[in-house]
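What follows is one structure encoded as C-alpha cells, with my remarks underneath.
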Amino acid sequence: MYNFARKLTAKSITFLRQINIETVPLLNSPIFKPQ
Numbered sequence: 007m008y009n010f011a012r013k014l015t016a017k018s019i020t021f022l023r024q025i026n027i028e029t030v031p032l033l034n035s036p037i038f039k040p041q
C-alpha cells in the first residue's frame with residue numbers, strides 16, 4: 007500500500023510539474039499582462 011501511494015504521489019507531482027511548465031508561459035504571455 008505504501009509503495010502504491012508513493013508511486014501515485016510521484017505521478018501527481020510529475021503531472022503538476024507538467025501543468026506548471028505549460029501554464030507559466032501562458033501567464034507570462036502579453037494577454038494576461040495589463041495594457
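Be aware that the sequence shown starts at 7, since it is given in the numbering used here, and climbs by one per residue. Ideal Cβ placement from N, Cα and C applies to all residues, glycine included. Bear in mind the structure is a predicted one, so any value in this text is a computation, not a measurement.
I need the DSSP call for residue 6, collapsed to helix, strand or coil. Because the chain is modelled from 7 through 41, residue 6 falls outside the range shown and cannot be assessed.
Cα separation between residue 35 and residue 7? 42 Å
Would you report the Cα separation of residue 23 and residue 29, rounded to the nearest angstrom? 10 Å
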